[in-house]
Structures are given as C-alpha cells and as structure tokens.
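These notes are about the structure you will find just below.
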Amino acid sequence: MTDSLNQPKNFSGADSYVLDEELAKVVNVAMRLELPLLLKGEPGTGKTLLAHAIAQNLDMPLIVLNVKSSMKAVEALYQYDTLTRLNDSRFGDSKRDVSNIENYIKMGKIGQAFTSDCRVVLLLDEIDKADSDFQDDLLDVLDAMQFDIVEIDKTVTARRRPIIIITSNAKKDLSDPFLGRCVFHHIAFPDQDMMRKIIKAHFPDLADKVAQVAIEAFYQLRQIRGIEKKPATRELIHWIRAMVGDPDFKVKELKTGVSAPLLGLLFKKSDDLDRAKKTVAAGMRQ
Amino acid sequence: MFQDFFYKLRDFGIPVRPTDFIRLQGALAEGLILNLQDFYVVARSVLIKSEKHFDKYDRIFAHHFQGADLDEAFADELGMDIEEMLAKWLQDPQNFPGLTDEEREALKKMDPDELMKYFQDRLKDQTKRHDGGNRWIGTGGRSPVGHGGFFPGGMRVGGSPGSRSAVKVAMDRRYIDYSDGGMLTPEKIGEALEKLKHMKRRGPKDQLNIDKTIRETVRQGGEIELVFDRRLVDKLKIMLFLDNGGWSMTPYVPMTRSLFTLARSQFKDVRFFYFHNCIYDVVWEDPMRYHKPVKMADILRREPETRVIIVGDASMSPFELNHTRGAIDYGSLQTTSGLSWLRRIKQTFAHTVWINPMPAEEWDYSYGSFTVGLIREQIPMYEMSIKGLEGAVEELMSKYPRPPAPEPKPEPYRPNRW
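Here the protein sequences come in this chain order: A and B. First residue of the first sequence: 1, per the numbering used here; consecutive thereafter. First residue of the second sequence: 1, per the numbering used here; consecutive thereafter.
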C-alpha cells in the first residue's frame with residue numbers, strides 16, 4: 001500500500017469544481033446524517049473530483065482507496081505483513097520486535113482514515129469493481145466505524161468519523177443492504193448552462209465566445225446517433241485545452257462547421273471516431 | 001410527517017426502507033430541510049437508492065405536493081418551452097413517440113396549419129388536464145403533446161435548480177432516461193453481461209500463498225520456503241447462437257447486434273454461431289450461413305462448462321420444431337427434430353439460456369406462442385430487457401441450473417382408420 005501522499009495529483013482543485021445546488025445539499029445531508037455518500041453517474045462527470053473538492057473545501061486530508069476487482073475488504077482495512085516478520089525472525093537483523101505482531105500490522109486506506117488524528121475525507125473510488133462480498137464486508141465497518149485486527153485481537157475505532165464518499169460507475173447495482181446505509185445521488189450530465197460554468201472554472205482566461213462555440217459543437221457531437229461511448233465533461237475539458245493550445249485552431253471554422261479538430265480527444269472508440277468524422281464531413285458538404 | 005408520501009412511493013413500487021424514512025425524520029429534526037426544495041433533494045437522496053427510480057420519484061413527488069404553486073409552475077413551464085416543443089414536434093409529428101396508430105394516420109393527413117392548430121388545441125387540453133393534477137401520472141407520456149411524451153429520449157437536465165420550485169424540478173422528469181422500463185442501451189447490456197465471470201486459478205504462479213509458505217517454512221525448521229499460487233483468471237467460455245434468418249427476427253436486429261458486439265468485447269473466449277429458426281444438426285460460423293458449417297455433434301463435444309446463449313424469437317411453425325425433417329432450408333437428411341437438438345444442447349451444457357428479443361408479455365399471444373412454450377420447457381427463456389438479461393446471467397452462473405423437461409414419449413402409432 002502506498003502512502004496517501006503518493007496519490008497522483010491530477011485534480012485541479014476545488015476552485016475548478018462547479019457544485020450544483022442539489023449536489024451541495026446532498027453532500028451536506030450526508031455529512032450531517034453521518035452516512036456515506038454514494039455517487040453514481042456517467043464516467044467523466046466529476047464523481048471522483050467531488051471528493052477532492054470537498055477535501056479542499058473543508059481543508060481536510062483526502063484518503064483515496066482505488067477499489068480493484070480482486071480486492072478483499074481486509075486489504076482496505078489493514079495488512080499483516082507476514083513476509084517481513086518471517087524474514088525478520090529468520091535473519092533477526094531488524095530493529096523490530098518479532099514477537100510483537102503489532103509491529104507488522106500496516107493500516108490500509110480505511111485503517112488510515114480511522115486512525116488519523118484529524119477528520120479526513122475518505123474516497124472509495126469505483127466500488128462497483130469489486131464483488132459484492134467486498135461491499136458486504138465493508139458494511140459493518142462503515143456502520144460501526146470500527147474493525148477488528150484478528151491477529152492481535154485489537155479493535156480499531158475511528159477517532160474522528162471520516163466523511164465517506166463512494167463512487168460507482170453504474171455498472172451494476174450495489175447490494176441492497178449496502179444501499180440502505182448510504183445517501184444516494186446520481187450526477188446527471190450537465191446542461192449547457194452548467195457546462196459553461198464548468199468551462200469557465202477550468203479556463204478562466206478563455207474568451208466566452210470561444211467557450212460557447214466549443215460547448216455548442218460538443219453538445220452537437222454528443223447527439224450523433226449510434227455513439228457507444230458519449231464524450232463527457234472530462235473529454236470536453238481536454239478537447240478545449242488541446243484546441244486552445246493548437247496554433248492552427250480557428251474558432252470560426254468550428255463555429256461554421258467547416259472543421260472539428262482533434263475529434264480523437266472526444267471519441268475514444270475507433271468506431272465512434274469514424275462515425276463522428278463522417279458526420280462532421282457530411283455536415284461540411286451541406 | 002410525510003408518511004403518506006412514503007407509502008405512496010412504496011405503493012408505486014419504489015423499494016423504500018423504513019430505516020431510511022426514520023433517517024429522513026432525523027434530517028428534518030436536524031433542520032436540514034427548510035423548504036420543499038430541500039425536501040425534494042434530501043428525501044430523494046435518503047430514500048431513493050437508484051437512478052432507475054428517480055423518474056418515478058419525480059412523478060410521485062409532483063403528484064403529492066401539487067400545492068398552490070403547481071398551476072403557476074405549469075403555466076410557466078409551458079410558456080417557457082412552448083417554442084422548443086413546437087419546433088421539435090413539427091419536425092416529425094407522425095413519428096412522435098406515444099402516438100396511437102389512429103392518431104398517426106390522422107396526423108399524416110394534416111397540412112402544416114392544421115398541425116399547428118392541433119398542437120395548440122392539445123396544449124390547451126393538456127393544461128386543463130394538468131390543472132386537475134390527479135390524472136397526470138396516468139396520462140403522462142401517452143398524449144403526443146403531453147409532458148412525459150414530449151421529452152421521450154431527451155433527459156432534460158435542470159442544472160442548477162436553485163431558483164425553481166421543487167415541484168417544477170420534479171416535473172422536468174429529468175431522469176426519464178434511467179427508468180426501469182427504458183430502452184435497452186448498449187451500456188445496460190454491458191452492465192448485465194458484466195456479471196458473467198468465472199474465475200479460475202489458471203494464470204502464472206505469481207501469487208504468494210502465505211499460509212502454505214508459513215507451513216512449509218516451519219516444516220523446514222525456519223528455512224524460508226516461498227509457495228506461490230496461480231493467479232485467478234477468468235476462464236469463462238461462451239457460445240452464442242443467433243437466429244439470423246427470417247423476417248420474424250428483423251425488428252430485433254439492432255438490439256441483437258449490440259448484444260453481440262458487447263459480448264465480443266467483454267469475453268475473451270466467445271464463439272458465435274448462426275442458425276435459422278431452430279438449431280438442427282448443423283449451424284454456421286458465418287452470418288451468411290453458407291461458408292462455414294459446423295456440425296452440432298462436434299459442438300456437443302466441447303467442455304460442458306461452456307455457457308450457451310441462444311438468441312432468437314423462438315417463433316416458427318410447430319412442424320419446424322417437432323418434425324425430424326423440420327429444417328426448412330437445409331437439405332441434408334435430418335434424423336432428429338429441432339426440439340431434440342435443443343434438449344441435447346441443454347443436457348450437454350447445463351448452463352444454457354434462451355434470450356428472446358420479443359417482450360415476455362407477447363410470448364403467449366404471438367404468432368410463435370406454441371413453439372415458444374415448447375422451447376421454454378427445455379431451455380429457460382428470458383426476454384431481451386435489462387431484467388431479462390440479469391435473469392439469464394443469473395441462470396448462467398447458477399450452481400444448479402434448471403434441467404430440461406423430460407423427453408416427450410413418442411406418440412403411439414395409431415393407424416388412420418378413415
């Protein structure tokens with residue numbers, strides 16, 4: 001397990017996160033009711049970013065658990081480093097006391113969140129990836145805010161109840177009892193007004209006109225029939241960043257539909273890309 | 001407080017939990033809910049756990065809390081969107097979803113002016129009816145100019161609904177896209193197929209087995225002995241059989257096609273076969289059903305753990321299914337009826353399901369109801385919807401798949417006396 005400090009710092013801060021009022025309310029409800037907040041929504045609509053934004057906003061450290069498909073719940077809580085202990089007992093050249101198992105217990109992400117001195121934001125990212133056993137095992141832990149380390153018969157209780165954000169990519173419904181312990185919100189795809197605000201937050205220096213043209217083009221491209229993976233906010237932001245950085249980019253051409261550059265940034269599947277290119281080309285001929 | 005609302009949600013089939021209701025009371029006590037807008041958001045986030053139910057929630061909310069500002073909200077709503085709605089509707093009035101056939105016919109005959117008038121009339125009518133409030137749920141979506149019907153595919157996102165009344169937001173029906181009865185989209189098929197997994201230890205030996213390592217090390221008196229296990233690998237094998245012949249399958253082609261594309265991308269070991277109407281002694285690997293015939297007898301020799309998915313409408317004449325020479329376009333000598341082949345498949349591959357693109361409610365009444373019934377006795381059949389696919393996947397992964405019905409005894413020979 002890596003330290004939480006080693007998390008990739010690829011978010012651009014709470015300043016660039018546009019919170020809609022509904023979502024803000026839901027976040028507050030979850031915090032006040034002390035329930036985990038379960039977020040669902042299309043990929044790229046800012047589920048993960050929200051946790052970063054909350055952490056920044058409330059000035060709390062963020063601990064991220066990136067759930068993997070093969071993950072066991074215990075791994076998220078703690079790890080008993082048997083191998084090191086075995087090694088120490090065999091060669092005896094470490095300063096650790098081999099007879100004290102506690103020296104070989106490493107806290108997992110949830111364990112770190114529980115034992116942290118200050119209140120933290122705990123993000124369980126893409127919980128749907130793991131099987132339902134994982135979710136069921138976490139239920140009691142998140143409910144009681146404590147877990148047992150069986151090896152040393154010790155109970156770890158959360159010092160300060162963390163704010164828990166759980167994201168799911170809507171791949172499958174989570175188990176019923178798990179849902180019963182969460183506050184739920186579905187992040188809908190933003191409409192054009194909202195999107196303008198989001199773009200403004202990400203590109204404060206971008207001329208309104210350019211943003212407007214790009215957003216309009218983006219929503220039109222999203223409408224193309226038969227697209228399997230529709231581009232989301234994330235793709236739009238990348239697209240605009242790339243276009244703005246491109247010296248050949250002419251707003252007028254995008255506006256009049258003469259060309260739509262860098263479509264590969266919006267459409268990640270080759271079929272989708274072909275289709276989008278064809279549609280744009282057909283639009284030009286008209 | 002709000003018990004009526006809670007029970008109404010329950011009555012309309014949203015699985016709301018009493019504990020969540022108590023939590024909602026807690027939120028009220030905490031002072032988190034100061035107005036109806038707050039209540040709309042908080043109650044939804046606490047009570048409703050899936051976006052599938054958001055649309056229903058919106059409708060029930062609008063219905064329940066149609067307070068003093070409902071009329072006003074609606075007047076506004078209509079005023080605001082009227083141009084947009086009109087433009088959308090005029091583009092293609094006949095094909096607007098939710099029209100009855102008669103209405104469609106009538107619309108075809110109208111000229112643009114008449115269309116416009118019709119639209120406005122319906123709009124007035126609609127406003128009147130909406131004032132009644134109560135019938136809104138019942139009629140939503142049916143009328144060509146009704147609210148629900150108006151945004152059939154388009155999920156209107158309210159963005160920041162702060163300045164608008166909660167009822168109005170609810171009436172937006174922003175979540176219509178996600179409701180359960182919605183169309184089967186590629187994503188949804190993907191979700192359903194996601195559950196098909198069969199993990200087995202087959203990969204390289206690169207996972208440390210701690211228990212065994214300790215045991216072995218102790219056994220060797222402290223000399224460390226590392227024991228590695230093979231990695232878990234998804235070893236699921238799938239065979240997909242698709243009925244791609246005949247007019248009866250034509251309406252379902254796009255849906256079936258996306259099912260296939262997804263199956264191909266999701267599973268490593270998946271093989272596709274094509275047949276016409278029913279499976280006989282030969283199926284084909286090419287969609288043309290010409291170049292690459294494969295003998296069923298060979299297929300039956302594959303691993304019995306293989307999952308078999310048959311996609312077809314199961315609608316054919318009883319002769320094609322029951323008679324030993326039932327194949328309508330394969331010339332060779334048949335000795336086994338289609339039904340027996342299906343039975344054999346199910347016997348060999350215990351995990352076999354039939355996915356029928358025809359909605360389940362039509363199975364008993366459609367052209368093919370007789371053969372559908374016969375096939376269902378042998379192979380569990382599911383409709384091609386989210387629910388159906390989930391059921392099919394469950395059956396495919398179940399430890400105790402349903403056995404086929406016993407072979408019907410051959411009819412005793414009764415010479416025709418007349």
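The beta-carbon is built from N, C-alpha and C at its ideal position, and this holds for glycine as well. It should be emphasised that the depicted structure is a prediction, and the values quoted were computed from it without experimental measurement.
Asked                                                                                                                                                                                 : Found
Could you work out which residues of chain A lie near E225(B), taking near to mean beta carbons separated by less than 7 Å?                                                           : What E225(B) touches in chain A: nothing, since even the nearest Cβ is about 10 Å away.
By the criterion of Cβ-Cβ separation under 8 Å, what are the contact partners of D313(B) in chain A?                                                                                  : Simply none; closest approach about 24 Å.
Output the distance between the C-alpha atoms of H185(A) and E216(B), rounded to the nearest integer angstrom.                                                                        : 50 Å
From the DSSP output, which residues share a beta bridge with K40(A)?                                                                                                                 : S168(A), H186(A)
Using the rule of at least 16 other Cβ atoms within 10 Å of the residue's Cβ for burial, across every protein chain shown, is P380(B) buried or exposed?                              : buried
Might you give, ordered along the chain, the residues of its own chain that have their beta carbon closer than 7 Å to the beta carbon of K129(A), omitting 5 neighbours on each side? : V67, K68, S69
Mind checking whether S175(A) and S132(A) have CB atoms under 7 Å apart?                                                                                                              : yes
Per DSSP, what are the beta-bridge partners of W354(B) in this structure?                                                                                                             : I310(B), M381(B)
So, is the C-beta of V150(A) closer than 7 Å to a C-beta in chain B?                                                                                                                  : no
Could you pull out every residue in the same chain whose Cβ sits closer than 7 Å to the Cβ of R449(B), ignoring the five residues on either side in sequence?                         : Since the first and last residues shown for chain B are 1 and 418, residue 449(B) lies out of range.
Would you check if the distance between the CB atom of I54(A) and the CB atom of V121(A) is smaller than 7 Å?                                                                         : yes
To the nearest angstrom, how far is it from the Cα of A242(A) to the Cα of K47(A)?                                                                                                    : 23 Å
Secondary structure at Q207(B), three-state DSSP: helix, strand or coil?                                                                                                              : strand
Let's test the definition: count the other Cβ atoms within 10 Å of the Cβ of G221(B) and tell me whether it reaches 16, buried, or not, exposed.                                      : exposed
Considering only the alpha carbon of each residue, which of F91(A), S116(A), L123(A), R85(A) lies closest to I105(A)?                                                                 : R85(A)
Which residues of chain B have a Cβ atom closer than 9 Å to the Cβ of S116(A), listed in chain order?                                                                                 : Correct list: empty, because the minimum Cβ distance to chain B is about 25 Å.
Would you say V41(B) reaches chain A, if we count a Cβ-Cβ gap shorter than 7 Å as a contact?                                                                                          : yes
What are the boundary residues of the beta strand (DSSP E) that includes T155(A)?                                                                                                     : 154-157
What do you get for K154(A), buried or exposed, if any count of 16 or more other CB atoms within 10 angstroms of its CB means buried?                                                 : exposed
Using a C-beta to C-beta distance shorter than 7 Å, which residues of chain A count as neighbours of D38(B)?                                                                          : K25
Would you mind reading off the limits of the beta strand (DSSP E) that contains M71(A)?                                                                                               : First-last for M71(A): undefined, no H or E at that position.
Within 10 angstroms of its Cβ, does V218(B) collect 16 or more other Cβ (buried), or is it exposed?                                                                                   : exposed
Quick check on the burial criterion: 16 or more other C-beta atoms within 10 angstroms. Buried or exposed for H63(B)?                                                                 : buried
Is the beta carbon of G111(A) less than 7 Å from the beta carbon of L77(A)?                                                                                                           : yes
Throw me the rounded Cβ distance for the I215(A) and M195(A) pair, which I believe falls under 8 Å.                                                                                   : 5 Å
So, is L38(A) buried or exposed, given that buried needs 16 or more other C-beta atoms within 10 angstroms?                                                                           : buried
Since R275(A) and L35(A) are thought to touch, with beta carbons under 8 Å apart, how far apart are those beta carbons, to the nearest angstrom?                                      : No, R275(A) and L35(A) are not in contact; Cβ-Cβ is about 42 Å, not under 8 Å.
Can you check whether the C-beta of V46(B) is within less than 7 Å of a C-beta belonging to chain A?                                                                                  : yes
Look up M107(A) in the DSSP assignment and say whether it is helix, strand or coil.                                                                                                   : strand
Going straight from the alpha carbon of H276(B) to that of S317(B), what length do you get?                                                                                           : 13 Å
Would you identify the three-state DSSP class for M145(A), choosing helix, strand or coil?                                                                                            : coil
So what does DSSP say about I63(A), is it helix, strand or coil?                                                                                                                      : strand
Give me the chain A residues within the contact set of F54(B), using Cβ-Cβ distance strictly less than 8 Å, ordered along the chain.                                                  : H186
Establish whether the CB of E102(A) and some CB of chain B are separated by less than 7 Å.                                                                                            : no
If you draw a straight line from the C-alpha of D269(B) to the C-alpha of T306(B), how long is it?                                                                                    : 10 Å
Apart from the five residues on each side of it in sequence, which residues of its chain come closer than 7 Å, Cβ to Cβ, to D206(B)?                                                  : F228, R231
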